[in-house]
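Protein chains in written order, with our numbering: chain U, 1 to 336; chain S, 1001 to 1336.
In this text, a Cβ means the ideal position worked out from N, Cα and C, and glycines have one as well.
Fair warning: this is a prediction, and the values are worked out from it, not measured in the lab.
Written below as structure tokens is the structure these notes are about.
Take a look at the structure:
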């Protein structure tokens, strides 16, 4: 007997992750592949179309029918029907039909907001209508969840919390503004600021008992994860992490005062560090708020699969199932 | 023939404004009266109930029927049915029925959000689903309008943009936090900061050709409106106004990046200053945004009547008319 399912795709700047998700909630994850943006915008679109077709073929073979819908999480400015603009992929006004073969119903979503939708339905935000999903990755953008749905503002440019100023006369951000949250608290910022700090630390003030310092200085490539790990014993790492947490506390205090969320869900690579970031952040967020309690901070639950699982929700919406929210069950990763 | 109407009341910390508004949009404004909070929370509730009863009696005499509904804009944390908490009036969990005689259907709304609702339906935000209504008064709070409705967050504590930090290590705010927008940019802040600045300005650096300076120093009570007026010729006033506009630009840049509004509607006493504030603010807001355009700034259109007209919208909702939005016509102010 055929089993109905959707094709779900999370398209990032460098790689994309695909899956098949049945109506009953069985999730099959496929190996990711490169987005291949260096080949140009049209090539990326063609690559996505091919990947969707291959996933649909794999689904047809497994489940005995064509997919009921396709959901795609993509970066940039996006409506359900059109990828309006994506700076890093070079897109302008690409209709959803370009990504999907054979007229299968399909819906597009903004990458971060689609991840927030998945956390809302299946993850840390289950049962909560109003929260912030804040993945701390190479950059920082958030999904402002309002009344159960991620909210992109008047034209889909919302959620750019990473470029709100925490210290308005502070460090120059790559975006051209000053003092942006992202320039202190993203994974990219932690790695960059730590590298800069140890490069300018006078030799005699380096803790010689910390062998990684010398190594880092010679290699010049310490990851954000390593900065967090070193913070317990390395002054430069502790300072950089401390400033990141301060920046997050300032920004989340403003978010809390403005939008009164039920909770704040921290995701991304840095979010996975867990208590070492969330505990001091919760404390400093409370310190920044004098006349109201802070909302609880929660670690995101879906990790790197948030975008793909959100895309599955969009795929089921394309298929007319807008209240789809089963218990998910994962099957082993496989190839199409 | 009887004419249907609602009773609309805007309850502030010191005074309340009442009106009658017919279904066709005829607005009759009544003289305001003191809220009388010094007599205690129960007395304020009783005073409101009396005022509503008098307005209803006036309406019955004029229109030949009892009011179809009552709308009340009140400060604090509020649901449609209960005034949950108001620090400045001492309220806790006051049901809407306490304010309204004879079982007339009634709905409560948050004061600033009710003003934002009125600007959305009748004022500067007409036809715009997503905007910020920001009245700059003695204090600062905003109405975050999302999808056509003011949004108060998970528990009604939202909109406190006046207490988001613009310079997080800046001046101490009365709320206990540091660097709040309100402590630089409210009408209260302009008056207070100007008075402090001229009190500490050395005699010889005062522009002696500016007679108001000496006057202000002796009286110690220059209003925000006067500070704005003096800014063209008085260095201290220009500095204080300049810092207020900087603070607003920082705060509105963050709002724009986070919530992507279609426009920002500036109201309150300072908003009525018009271009002298809005023009430099628009310029500096644009300067604070590197990768997106700023939303347009607009002056609020309803002035001090915003709260009462929003309360009328709530009154018609209480009466079951949730899509009420006539063209308004004012009749002369009268007494009940």
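Could you tell me the distance, in whole angstroms, from the CA atom of residue i to the CA atom of residue j?
| i | j | result |
| --- | --- | --- |
| residue 1010 (chain S) | residue 1324 (chain S) | 19 Å |
| residue 311 (chain U) | residue 70 (chain U) | 8 Å |
| residue 1014 (chain S) | residue 1036 (chain S) | 7 Å |
| residue 1107 (chain S) | residue 1119 (chain S) | 18 Å |
| residue 74 (chain U) | residue 309 (chain U) | 13 Å |
| residue 134 (chain U) | residue 244 (chain U) | 14 Å |
| residue 1273 (chain S) | residue 38 (chain U) | 52 Å |
| residue 190 (chain U) | residue 175 (chain U) | 17 Å |
| residue 1123 (chain S) | residue 291 (chain U) | 32 Å |
| residue 315 (chain U) | residue 196 (chain U) | 44 Å |
| residue 1136 (chain S) | residue 1142 (chain S) | 9 Å |
| residue 1117 (chain S) | residue 1127 (chain S) | 12 Å |
| residue 1317 (chain S) | residue 1066 (chain S) | 16 Å |
| residue 347 (chain U) | residue 1054 (chain S) | What the structure shows of chain U is the stretch from 1 to 336, and residue 347 (chain U) is not part of that stretch, so it cannot be assessed. |
| residue 87 (chain U) | residue 1330 (chain S) | 50 Å |
| residue 139 (chain U) | residue 1259 (chain S) | 18 Å |
| residue 239 (chain U) | residue 1199 (chain S) | 40 Å |
Indicate whether at least one CB of chain S lies closer than 8 Å to the CB of residue i.
| i | result |
| --- | --- |
| residue 194 (chain U) | no |
| residue 135 (chain U) | no |
| residue 260 (chain U) | yes |
| residue 110 (chain U) | no |
| residue 107 (chain U) | no |
| residue 152 (chain U) | yes |
| residue 285 (chain U) | no |
| residue 250 (chain U) | yes |
| residue 15 (chain U) | no |
| residue 88 (chain U) | no |
| residue 148 (chain U) | no |
Considering Cα atoms alone, identify which of the options is closest to residue i.
| i | options | result |
| --- | --- | --- |
| residue 1130 (chain S) | S:1296, S:1197 and S:1292 | S:1296 |
| residue 96 (chain U) | U:28, U:181 and U:52 | U:52 |
| residue 101 (chain U) | U:34, U:68, U:111 and U:89 | U:68 |
| residue 27 (chain U) | U:271, U:8, U:42 and U:12 | U:8 |
| residue 1270 (chain S) | S:1287, S:1300, S:1288 and S:1294 | S:1300 |
| residue 1090 (chain S) | S:1043, S:1176 and S:1033 | S:1043 |
| residue 1294 (chain S) | S:1186, S:1255, S:1032 and S:1088 | S:1255 |
| residue 1252 (chain S) | S:1275, S:1182, S:1188 and S:1321 | S:1182 |
| residue 1305 (chain S) | S:1178, S:1145, S:1239 and S:1115 | S:1115 |
| residue 1307 (chain S) | S:1267, S:1242, S:1331 and S:1321 | S:1267 |
| residue 158 (chain U) | S:1099, S:1257, S:1322 and S:1054 | S:1257 |
| residue 1276 (chain S) | S:1227, S:1050, S:1160 and S:1151 | S:1227 |
| residue 247 (chain U) | U:184, U:104, U:103 and U:238 | U:184 |
| residue 63 (chain U) | U:33, U:21, U:83 and U:85 | U:21 |
| residue 1339 (chain S) | S:1079, S:1098 and S:1030 | Residue 1339 (chain S) lies beyond the residue range present for chain S, which begins at 1001 and ends at 1336; the question has no answer from this structure. |
| residue 1179 (chain S) | S:1278, S:1187 and S:1168 | S:1168 |
In the DSSP output, what is residue i paired with across the bridge?
| i | result |
| --- | --- |
| residue 1006 (chain S) | S:1021 and S:1069 |
| residue 151 (chain U) | U:144 |
| residue 1134 (chain S) | S:1266 |
Are any of the Cβ atoms in chain U nearer than 8 Å to that of residue i?
| i | result |
| --- | --- |
| residue 1296 (chain S) | no |
| residue 1067 (chain S) | no |
| residue 1161 (chain S) | yes |
| residue 1242 (chain S) | no |
| residue 1130 (chain S) | yes |
| residue 1257 (chain S) | yes |
| residue 1158 (chain S) | yes |
| residue 1299 (chain S) | no |
| residue 1078 (chain S) | no |
Which of helix, strand or coil does DSSP assign to residue i?
| i | result |
| --- | --- |
| residue 329 (chain U) | strand |
| residue 308 (chain U) | helix |
| residue 1111 (chain S) | helix |
| residue 1013 (chain S) | coil |
| residue 172 (chain U) | strand |
| residue 93 (chain U) | strand |
| residue 160 (chain U) | coil |
| residue 1029 (chain S) | strand |
| residue 1236 (chain S) | helix |
| residue 1265 (chain S) | strand |
| residue 1298 (chain S) | strand |
| residue 1034 (chain S) | strand |
| residue 1244 (chain S) | helix |
| residue 292 (chain U) | coil |
| residue 104 (chain U) | coil |
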